[in-house]
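Protein chains in written order, with the numbering used here: chain A, 2 to 333; chain B, 5 to 431.
Cβ coordinates follow ideal geometry from the N, Cα and C atoms, glycine included.
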């Protein structure tokens, strides 16, 4: 996935000289996750460069660049670090088109590695996506596969609105299935790791049907797509597994059609439970598919605690937690 | 008492005390500004724009002035402007003041919700506008509407915005005075403070990266220099040598909060530039020739790829923070009348008279003309509606421009809003 994202940035920098990349350690070094490796060498230090450690400054400067007419793609090194930049994000980036009646716009894509399972402790593991989905004016994108990561990032950079692009860092080097104690898989033989060299787009707002089945609908995004898929296989369940890909705008049509067909819905995310995006999904499914439901909607999430260091696998919504929810959903 | 244990464990070490800044005067106090050092204009020399910031640090602690006590323009900062320019500046300041007076009155008459005046600070925005190029991008705060006036933005459109009426270019979405005018080099105003600082730095970085020749300028108040954005903006400006003019309008008060609460007791706001290795210049903000001259110095320096400058415009907020504020309850009424740097319009008027290019009759006539101009614009704007009944814009405009294209959830909510409006007003 790292190479796929790097390829998206490479393709867009080559095609569009308005694309500018900056962030902490992204320049000469190529980023702490190597996502921007080689880009400074290829495009020069005025198109890909390091930034001071001020997320407020990084996002604020990117807004000014976008107002000038560039397409900045700043990186916030960890999602956990984005909070000092939230005023620039909420009060500025998200509002500039509306408050100026499109006099000014803010086509800006902020790349943000997120999620846990890397022994990152509470400041390198968080999943704050619901903070962003709560902000009118921002799109929130979460790829789960290398193919999607590239196509969605290109679509995000070409989009006219500010986009938060959340990269599931536990899947940077392979699809994580939830079994931290088994040998790590790489993307090498994975069908969704096929990435075209050139330019392609995965449109924002279109979910992906990962597997098709009639027993229930599973809604997931990022790392949890792979975990959920593994658990479904182990339990021998035929489910519509929907990888949402973008949270805002949400592909509500695909969700509705699936839940109407299956009558059961499981929502899985790694973020804390209360007011998480799963709450929004649960409300939408209840509002729109109530008469098709044959069991209460289930949410499987992280716990409402800070992300722990040594106990991270107790926190993580892994196969046991998902399996129990499946049992409850399919009991009747 | 909670602190007792600490007292007993302190031993013979002296106890600490907390310092909380207090302004020099409160309501009813006599005012004495003798503690303010106001240098003669010829005391502070103008260095070349290419000066090394380390060698001109004294500028951050001085007060650049051009107009002296006898209304003459003196010293090396004198921008040597021709009569037409001087009189144009005078007229723009008078127009801004007349505009503010009408709109303030309109708010008191209930025609809009809120207004912010620039009274006493007209030289800050008008002087800068006469120093910057028309194509340079301004990232203002809410008390620089003079930039629009100086750049000949139609005042009727400004009033439409203040009234949130059906000609409001911003569709009634923004508080009065939070204008946006891209084609006049005026960035959309935020209600949040100093967010424009890093944005201006980013715009300037983009201009430099693209080999453009335009520079950015930005303004914040002295109170909001306490925001992290102020420092993030200066950091980006300094690190990338961004062609940006950073301005701090030190009008002594942030609503009721005295400048001491932004660190003004210990040093000047211009001196914040020194830590970033960029020039910091403190200027008499009520002397429009000094404002114009220092801004031109900084803009020229930026245009020569020599990087950003921080300018402190030392002035006084003569009136309330906004229509929602009453300064008589927290500061002495005499502060404004005894402000040692005078009134910017009176000072330029006296200078023009001293030069023999102006007189009291022409000034009175000009005041009548700008008042008439404002009144005519107000009549037209009010014909487009005033704030109040909320029917100037169709409800769909609330949902437009949230995104470039309206997503399904906003389309659904928009239909709900339209349905509610039809039930409230079936006709």
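Under the DSSP assignment, residue 57 of chain A falls in the alpha helix (DSSP H) whose first and last residues are 56-69. In this structure residue 206 of chain B touches residue 66 of chain A by the C-beta definition: roughly 5 Å separates them, less than 8 Å. The Cβ atoms of residue 345 of chain B and residue 90 of chain B lie no closer than 8 Å to each other. Look at residue 220 of chain B here: in three-state DSSP terms it is strand. Residue 11 of chain A places its beta carbon less than 8 Å from that of residue 40 of chain A.
Boundaries cannot be given for residue 193 of chain B, as no alpha helix (DSSP H) includes it and DSSP labels it neither H nor E.
Relative to residue 342 of chain B, the option among B:12, B:24, B:33, B:13 whose CA is nearest is B:33. Ranking A:56, A:34, A:28 by CA distance to the CA of residue 47 of chain A puts A:28 first. Selection B:318, B:323, B:145 evaluated against residue 105 of chain B yields B:323 as nearest (Cα-Cα).
For residue 199 of chain B, the chain A residues whose Cβ falls inside 7 Å of its Cβ are 61, 88, 89, 92, 93, in order along the chain.
DSSP places residue 229 of chain A in the uninterrupted alpha helix (DSSP H) bounded by 224-236. The beta carbon of residue 99 of chain A falls within 8 Å of a beta carbon belonging to chain B, placing the residue at that interface. In the three-state DSSP reduction, residue 270 of chain A falls in the strand class (E or B).
According to DSSP, residue 314 of chain B shares a beta bridge with B:250, B:284. 8 Å or more divides the Cβ of residue 252 of chain B from the Cβ of residue 160 of chain B.
By the C-beta density criterion, residue 146 of chain A is buried, having at least 16 other C-beta atoms within 10 angstroms. Bounds of the beta strand (DSSP E) holding residue 49 of chain A are 49-51.
Of all C-beta pairs linking the segment 130-150 of chain B to the segment 360-377 of chain B, fewer than three are shorter than 8 Å, placing the two stretches out of contact. Residue environment: residue 39 of chain B is assigned as exposed (fewer than 16 neighbouring CB atoms within 10 Å of its CB, all protein chains considered). For residue 292 of chain A, no Cβ of chain B is located within less than 8 Å of the residue's own Cβ.
The Cβ-Cβ distance between residue 134 of chain A and residue 278 of chain A falls below 8 Å. Think of a sphere of 9 Å around the beta carbon of residue 211 of chain B: the chain A residues whose beta carbon falls inside it are 69, in chain order. Secondary structure in the segment 280-321 of chain A: the alpha helix (DSSP H) runs of 4 residues or longer, each lying completely within the stretch, are 313-316 in chain order. DSSP places residue 273 of chain B in the coil class of the three-state scheme, outside both helix and strand. DSSP, read as helix, strand or coil, puts residue 207 of chain B in helix. Residue range 20-24 is occupied by the beta strand (DSSP E) that includes residue 21 of chain A. When the beta-carbon positions are compared, residue 195 of chain A and residue 148 of chain A come within less than 8 Å of each other. Using a CB distance cut-off of 8 Å, residue 196 of chain B counts as an interface residue toward chain A.
By the neighbour-count definition (other C-beta atoms within 10 Å, threshold 16), residue 15 of chain B is an exposed residue.
When CB distances to chain A are screened at a threshold of 9 Å, not a single residue of the segment 15-44 of chain B falls below it. Residue 85 of chain A reaches chain B at 232, counting residues in chain order whose Cβ is nearer than 8 Å. Chain order gives the chain A residues near residue 177 of chain B as 99, 100, 102, where near means a beta carbon separation below 8 Å. Only residues of its own chain outside the window of five on either side were considered, and among them 215, 216, 217, 218, 241 have a CB closer than 7 Å to the CB of residue 263 of chain A, listed in chain order.
Under a criterion of Cβ atoms nearer than 9 Å, the residues of chain B adjacent to residue 105 of chain A are, in order, 184, 186, 191, 192. Under the Cβ distance rule, residue 130 of chain A does not count among the residues neighbouring chain B, no pair being separated by less than 8 Å. Listed by position along chain B, the residues whose Cβ is nearer than 7 Å to that of residue 277 of chain A form an empty set, because the closest Cβ is around 18 Å away.
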